[in-house]
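J.: Can you read through this structure? Questions will come right after.
2 protein chains.
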Amino acid sequence: MQPLILLLHLLIFVSISHAWFYGRDAPDRWSVGGVWPLPHKIVYGSKNKTLYHDKIGIDLGGKKNCDVLLNMADNYMNKWMFPFPVEVPTGGSDDYIITVSVKEDCPTGPPIHGSSEEYFLRVSVGEAVITAQTVWGALRGMETFSQLVFYDEKSKEYKVRTAEIVDRPRFPVRGIMIDTSRHFLSVKVIKRQLDIMAMNKLNVLHWHLVDSESFPYTSARFPELHTVGAYSPRHVYSRKDVADIINYARLHGIRVIPEFDLPGHTSAWRGKKGFLTECFDEHGELTNLPNLIDPMNENNFAFIAEFLEEVTQTFSDPFLHLGGDEVSDYIVECWERNQKIQKFMREKGMGNNTVLLENYFFEKLFKIVKELKIKRKPIFWQELFDNNNPDPNSIIHIWKGNSHEEIYEYIHNVTAQNLPVIVSSCWYLNYIKYGADWRDEIGGTAKSNSRYYYCDPTNFNGTDAQKQLVLGGIAAIWGELVDNTNIEARLWPRASAVAERLWSPAEKTQRAEDAWPRMHELRCRLVSRGYRIQPNNNPDYCPFEFDEDLKNVRNEF
Amino acid sequence: MQPLILLLHLLIFVSISHAWFYGRDAPDRWSVGGVWPLPHKIVYGSKNKTLYHDKIGIDLGGKKNCDVLLNMADNYMNKWMFPFPVEVPTGGSDDYIITVSVKEDCPTGPPIHGSSEEYFLRVSVGEAVITAQTVWGALRGMETFSQLVFYDEKSKEYKVRTAEIVDRPRFPVRGIMIDTSRHFLSVKVIKRQLDIMAMNKLNVLHWHLVDSESFPYTSARFPELHTVGAYSPRHVYSRKDVADIINYARLHGIRVIPEFDLPGHTSAWRGKKGFLTECFDEHGELTNLPNLIDPMNENNFAFIAEFLEEVTQTFSDPFLHLGGDEVSDYIVECWERNQKIQKFMREKGMGNNTVLLENYFFEKLFKIVKELKIKRKPIFWQELFDNNNPDPNSIIHIWKGNSHEEIYEYIHNVTAQNLPVIVSSCWYLNYIKYGADWRDEIGGTAKSNSRYYYCDPTNFNGTDAQKQLVLGGIAAIWGELVDNTNIEARLWPRASAVAERLWSPAEKTQRAEDAWPRMHELRCRLVSRGYRIQPNNNPDYCPFEFDEDLKNVRNEF
Numbered sequence: 011m012q013p014l015i016l017l018l019h020l021l022i023f024v025s026i027s028h029a030w031f032y033g034r035d036a037p038d039r040w041s042v043g044g045v046w047p048l049p050h051k052i053v054y055g056s057k058n059k060t061l062y063h064d065k066i067g068i069d070l071g072g073k074k075n076c077d078v079l080l081n082m083a084d085n086y087m088n089k090w091m092f093p094f095p096v097e098v099p100t101g102g103s104d105d106y107i108i109t110v111s112v113k114e115d116c117p118t119g120p121p122i123h124g125s126s127e128e129y130f131l132r133v134s135v136g137e138a139v140i141t142a143q144t145v146w147g148a149l150r151g152m153e154t155f156s157q158l159v160f161y162d163e164k165s166k167e168y169k170v171r172t173a174e175i176v177d178r179p180r181f182p183v184r185g186i187m188i189d190t191s192r193h194f195l196s197v198k199v200i201k202r203q204l205d206i207m208a209m210n211k212l213n214v215l216h217w218h219l220v221d222s223e224s225f226p227y228t229s230a231r232f233p234e235l236h237t238v239g240a241y242s243p244r245h246v247y248s249r250k251d252v253a254d255i256i257n258y259a260r261l262h263g264i265r266v267i268p269e270f271d272l273p274g275h276t277s278a279w280r281g282k283k284g285f286l287t288e289c290f291d292e293h294g295e296l297t298n299l300p301n302l303i304d305p306m307n308e309n310n311f312a313f314i315a316e317f318l319e320e321v322t323q324t325f326s327d328p329f330l331h332l333g334g335d336e337v338s339d340y341i342v343e344c345w346e347r348n349q350k351i352q353k354f355m356r357e358k359g360m361g362n363n364t365v366l367l368e369n370y371f372f373e374k375l376f377k378i379v380k381e382l383k384i385k386r387k388p389i390f391w392q393e394l395f396d397n398n399n400p401d402p403n404s405i406i407h408i409w410k411g412n413s414h415e416e417i418y419e420y421i422h423n424v425t426a427q428n429l430p431v432i433v434s435s436c437w438y439l440n441y442i443k444y445g446a447d448w449r450d451e452i453g454g455t456a457k458s459n460s461r462y463y464y465c466d467p468t469n470f471n472g473t474d475a476q477k478q479l480v481l482g483g484i485a486a487i488w489g490e491l492v493d494n495t496n497i498e499a500r501l502w503p504r505a506s507a508v509a510e511r512l513w514s515p516a517e518k519t520q521r522a523e524d525a526w527p528r529m530h531e532l533r534c535r536l537v538s539r540g541y542r543i544q545p546n547n548n549p550d551y552c553p554f555e556f557d558e559d560l561k562n563v564r565n566e567f
Numbered sequence: 011m012q013p014l015i016l017l018l019h020l021l022i023f024v025s026i027s028h029a030w031f032y033g034r035d036a037p038d039r040w041s042v043g044g045v046w047p048l049p050h051k052i053v054y055g056s057k058n059k060t061l062y063h064d065k066i067g068i069d070l071g072g073k074k075n076c077d078v079l080l081n082m083a084d085n086y087m088n089k090w091m092f093p094f095p096v097e098v099p100t101g102g103s104d105d106y107i108i109t110v111s112v113k114e115d116c117p118t119g120p121p122i123h124g125s126s127e128e129y130f131l132r133v134s135v136g137e138a139v140i141t142a143q144t145v146w147g148a149l150r151g152m153e154t155f156s157q158l159v160f161y162d163e164k165s166k167e168y169k170v171r172t173a174e175i176v177d178r179p180r181f182p183v184r185g186i187m188i189d190t191s192r193h194f195l196s197v198k199v200i201k202r203q204l205d206i207m208a209m210n211k212l213n214v215l216h217w218h219l220v221d222s223e224s225f226p227y228t229s230a231r232f233p234e235l236h237t238v239g240a241y242s243p244r245h246v247y248s249r250k251d252v253a254d255i256i257n258y259a260r261l262h263g264i265r266v267i268p269e270f271d272l273p274g275h276t277s278a279w280r281g282k283k284g285f286l287t288e289c290f291d292e293h294g295e296l297t298n299l300p301n302l303i304d305p306m307n308e309n310n311f312a313f314i315a316e317f318l319e320e321v322t323q324t325f326s327d328p329f330l331h332l333g334g335d336e337v338s339d340y341i342v343e344c345w346e347r348n349q350k351i352q353k354f355m356r357e358k359g360m361g362n363n364t365v366l367l368e369n370y371f372f373e374k375l376f377k378i379v380k381e382l383k384i385k386r387k388p389i390f391w392q393e394l395f396d397n398n399n400p401d402p403n404s405i406i407h408i409w410k411g412n413s414h415e416e417i418y419e420y421i422h423n424v425t426a427q428n429l430p431v432i433v434s435s436c437w438y439l440n441y442i443k444y445g446a447d448w449r450d451e452i453g454g455t456a457k458s459n460s461r462y463y464y465c466d467p468t469n470f471n472g473t474d475a476q477k478q479l480v481l482g483g484i485a486a487i488w489g490e491l492v493d494n495t496n497i498e499a500r501l502w503p504r505a506s507a508v509a510e511r512l513w514s515p516a517e518k519t520q521r522a523e524d525a526w527p528r529m530h531e532l533r534c535r536l537v538s539r540g541y542r543i544q545p546n547n548n549p550d551y552c553p554f555e556f557d558e559d560l561k562n563v564r565n566e567f
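Chains A and B, in that order, give the protein sequences.
For this note's numbering, count along the first sequence from 1 and bump the result up by 10.
For this note's numbering, count along the second sequence from 1 and bump the result up by 10.
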């Protein structure tokens, strides 16, 4: 077969482009069979191949019993590959087989840090072949194949673009952080976000389970935490729910990293007697809002150790997020105005330096982590680096910074100390704004979230070794104003911009203007699959607009 | 029966309130059986009455064949009155009848301007009685009854609070403006917004059907308008769709006021040959984006007349919105740089004063409106008042202003000229911001949308006669960034704040802090009814969170 040598920019639907309203291209200049996030290398062929639903098959080779691949085949064949609510053509003369060839054995656990996601995909008119080291790579390749499929309005047929693709992620950590404490999110809604994450080749769900407001996580050993701390008995993830989400994520090639934020943001842990200090307002009155751990109580460390042992049995990911942010917000109320704490500090020779008390707490926490029976690499928010002395085994999670430059400076400083970094500051998607904020400056700060397509976590002056320490990024959608009703539309496709930044080669994804026709096709494809992917580029339309009851249409296939 | 003399503030769940995070009350201090928008007068009784689904009935008296009331009874009995996804208790010993007594005949048409919406509602343990002049008042009363119903978690029963209510709206025009040109909205999604509008006692759908970007409206007489101007053949409201929406709105006591924006914002009318001027960029090149009518072409006026005759046959509302905004945005390109227009202006003695050409157009438009076979009262955006000479029969629609004070000044100026006013400037809900923008100042301008609970359209220095000219307000959700995926959660409950401002007595609704427990109950009630009402007061929860498949649960009733 001849090498396929069409240039990348032909990806964009060829047409005489002309200006339209809102200073942009006409709204129907979207790509056809464009891939998001952009692959490492993609060369399109000149031909398209018509696909007939009753003549297409996925051949899993020797992996016919692998649940990850069986689930993949079911999703793509029955839901995602022919998403548009039209009749799927049948009856073509020849079968079309997608051969999936995976080198490694079918894994029983989720992907771990550094698991290969590389794949090779060759789509010709005769067949398609996905080759990958791991099932995770196969998942990524299958999504890419499905994105080469498009509905041809003229012939009323599904077609696939021929192409040769070599693809692998730029960063190993590409995630979404959800916050189930400020508002509860149902298992169903979380699973929908996992679906969309997989379609964007994201691989980490950072689950900020618990915060000041509520404790929806169920500990089997310490049920008083959720019975007291959850909003209500309906606002709880049962042990089964958690296992269900972890397994669902696994089937989509997504790791689940839980966060238990310590020692601040802990008001909802009040079910554990003695866990929190008393806190006082400026008049010396109890605030009723204790939000900081009592480090004097030795039982608390035994409790944390026991709690975390259970967490390691529940969540298999080798990373464990332990928070550590914004302790200083509560220090005055809960430690400085607390006479018992003050006495304890004096006895321990800390004087009135509360940072020493923070360090005291964290040193004990590091020891607990080190002594876990099942080993974990801890992640901490950047305050551990800024104010304290992180254990050298830690990963630092950057969340501050008012400009991209300031954020890059933070990344530089942490990596200069040889600590690995995950970046979220550029991508606080909870901070909504009016406009195309994924690409445009809309006022406010970088952290308050605009131009996130343009934040590149290795864009700092540093050595190659430093840049190797940048593990990736996590887009955060904090839960103050987000629940089941609005998380999906608010998150997507804004998080898709982050997904491309973290997966694709930087040099090929420099301009949002070049990206939007592919992003628009992505939006419409996902809308057709039944997900609420909102408009983010001013007026436009999709060939088929979102329909609540699309799933009913689909189920008729 | 003794008069019920419990004070209004008992409406709020009585409990020792205590501070919580985000500087507010604890998230479960919501009202129980609170009514939104707050009625003119409400006095709660001391007792609650348990309701059993199989023992409750609605007696329509002599109106048993009235479609509005039959639809109402069906909605409330089968969907909205017992919304929570729990088993409805059955088997109580005594029947509970809601008697609906309407004085006027069942209307065949929609409500018109000034139709009475007043109702009296008495809910006792033995029965409930709704008395109203019109079916529209009965609809409002029935919604209020349904809001007195709550699910009692302790007894696991539905109960209704006893109360006596006298209620009527403060303003006759209380609306939502949707924009189906920038993004298409499906009939289903529009109907869902009409449902929620009715639950907020809103009574006007201002349908901005057509704009520069697309022409989804179907004219039977001029099909070239939509065949050329719609985004695609799927992005069209058929004649049947329009009639369906109008009738659906009618069944919910909602008028539909269509807008056909002239003479600017007209690019999508290009299907009508000769309708638009040629427009030129600064180099004298054609822009390909004509967005202004050609007033030289006399045929255009004949066309507009014929088009609007059909509109009056399609939309029965006595008001007709004809736009008139932002003409100046296109004047340089389309009139000043256009040599033919310049020549025409000189011939007509207008020199180079394009305002005279605007006036020329509008005078002809006023004449067309006057000569319509079915009479219509025209509404124009405020530029007609600011720049031109509105016909004295016009209503002026205020949409500008950077502060509440500036908006009040506009209202003052227009009413001082004895012209009626509708206000939208305070409520541009498309301008999203991070935070509780319905009540808090979040930067930007008033028009860019914060503190909209606090905008009161009669808060200007003026005579009583002037204040009588304030017809009400319309919350606008322009379509640049809104489609089927996100309109519902983005609109509600932010628009509910507007609904209360426009319905309820000003003196009883002065403080958002007092309103939020009722607003929170409203949100949760509507979430339980299956609508995407997003959080808007920082962390909180509902007894039952939004569930996509709630309608399935409901259908099992």
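Glycine residues also receive a C-beta, built at the ideal position from the N, C-alpha and C atoms.
Note that the coordinates shown come from a computational prediction; the quantities given were computed from them, not determined experimentally.
Counting only Cβ pairs nearer than 7 Å, list the residues of chain A close to V537/B.
T.: Per Cβ cutoff of 7 Å: T495.
J.: What residue does the alpha helix (DSSP H) around N88/A start on, and which one ends it?
T.: Segment: none, N88/A is in no alpha helix (DSSP H) and carries neither H nor E.
J.: Under 8 Å between the Cβ atoms of R265/A and D327/A?
T.: A contact, by the Cβ cut-off of 8 Å.
J.: Please list the residues of the stretch 495-514 of chain A that have a C-beta atom closer than 7 Å to any C-beta atom in chain B, keeping them in chain order.
T.: Correct list: T495, N496 and A499.
J.: Return the residue from the list I487/A, D450/A, A426/A and S165/A that minimises the CA-CA distance to V96/A.
T.: Closest option to V96/A, Cα to Cα, is S165/A.
J.: Expressed to the nearest angstrom, what Euclidean distance is found between the alpha-carbon atoms of A36/A and Y551/A?
T.: One C-alpha to the other measures close to 11 Å.
J.: Per DSSP, which residues does A142/B bridge with? Please list them.
T.: In the DSSP output, where bridge partners are listed per residue, A142/B has V112/B and Y129/B.
J.: P182/A lies in the beta strand (DSSP E); which residues open and close that run?
T.: It is not in any beta strand (DSSP E) - P182/A carries neither H nor E in the DSSP assignment.
J.: Does the separation of the CB atoms of P300/A and C344/A fall below 8 Å?
T.: Cβ distance < 8 Å, so P300/A and C344/A count as in contact.
J.: With a threshold of 8 Å between beta-carbons, can D557/A be considered close to chain B, or not?
T.: Answer yes: the Cβ-Cβ gap between D557/A and chain B drops below 8 Å somewhere.
J.: How big is the Cα-Cα spacing for Y129/B and I421/B?
T.: Those two C-alpha atoms are separated by around 30 Å.
J.: Report the three-state DSSP secondary structure of G482/B (helix, strand or coil).
T.: Here G482/B sits in strand by DSSP.
J.: Taking all protein chains shown into account, do 16 or more other C-beta atoms lie within 10 angstroms of the C-beta of R521/B, making it buried, or fewer, making it exposed?
T.: Exposed, by the Cβ-count rule.
J.: From T109/B to T190/B, what does the alpha carbon distance come to, in whole angstroms?
T.: Answer to the nearest angstrom: the Cα atoms are 39 Å apart.
J.: Please check the pair A278/A and V199/A, which I expect to be a contact at CB under 8 Å, by giving their CB distance rounded to whole angstroms.
T.: Contact flag wrong, Cβ pair sits at about 20 Å.
J.: Decide yes or no for the touch test of the stretch 466-481 of chain A against the stretch 428-435 of chain A: beta carbon pairs closer than 8 Å, at least 3 of them.
T.: Touching, per the Cβ criterion.
J.: In angstroms, rounded to a whole number, what distance separates the CA positions of I52/B and D162/B?
T.: Approximately 21 Å, taken between the alpha carbons.
J.: Is Y106/B near K74/B, with beta carbons less than 8 Å apart?
T.: It is not a contact, given that the beta carbons lie outside the stated cut-off.
J.: Quick one: what's got a C-beta closer than 6 Å to I15/B's C-beta in the same chain, skipping five residues either side?
T.: With a pLDDT of only 40 at I15/B, under 50, the local geometry of the prediction cannot be trusted, and the value read off the model is given with reservation. Within the same chain, I15/B has no close Cβ partners at all.
J.: Please identify, using Cβ separations under 9 Å, the residues of the stretch 238-249 of chain A that lie next to chain B, in order along the chain.
T.: Listed in sequence order: Y241, S242, R244 and H245.
J.: With distance defined between alpha-carbon atoms, name the residue in S413/B, T495/B and D104/B nearest to Y438/B.
T.: That would be S413/B, whose Cα lies nearest to the Cα of Y438/B.
J.: Which one of W30/B, D205/B, Y62/B and T473/B has the shortest CA to CA distance from W502/B?
T.: The candidate whose alpha carbon is nearest that of W502/B is D205/B.
J.: Terminal residues of the continuous beta strand (DSSP E) containing L219/A?
T.: Taken as a continuous stretch (DSSP letters only), the beta strand (DSSP E) holding L219/A covers V214 to V220.
J.: Between G119/B and the rest of its own chain, which residues show a CB-CB distance below 6 Å, the 5 nearest in sequence each way excluded?
T.: Once the five neighbours on either side are set aside, the close Cβ partners of G119/B are S326.
J.: What residue from I452/B, F181/B, G263/B and D559/B has the CA that sits closest to V508/B's CA?
T.: Per the Cα distances, F181/B.
J.: For a contact meaning CB atoms closer than 7 Å, what does S196/B contact in chain A?
T.: Ordered by position in chain A, the residues that pass the 7 Å Cβ test against S196/B are E555 and D557.
J.: Is it the case that the Cβ atoms of V197/A and I267/A are separated by a distance below 8 Å?
T.: Contact: no.
J.: What separation, rounded to the nearest whole angstrom, lies between the Cα atoms of T324/A and A259/A?
T.: Spanning the two alpha carbons is a distance of roughly 14 Å.
J.: Tell me, please, whether the stretch 373-393 of chain B touches the stretch 340-354 of chain B by the rule of three or more beta-carbon pairs shorter than 8 Å.
T.: No, the stretch 373-393 of chain B is not in contact with the stretch 340-354 of chain B.
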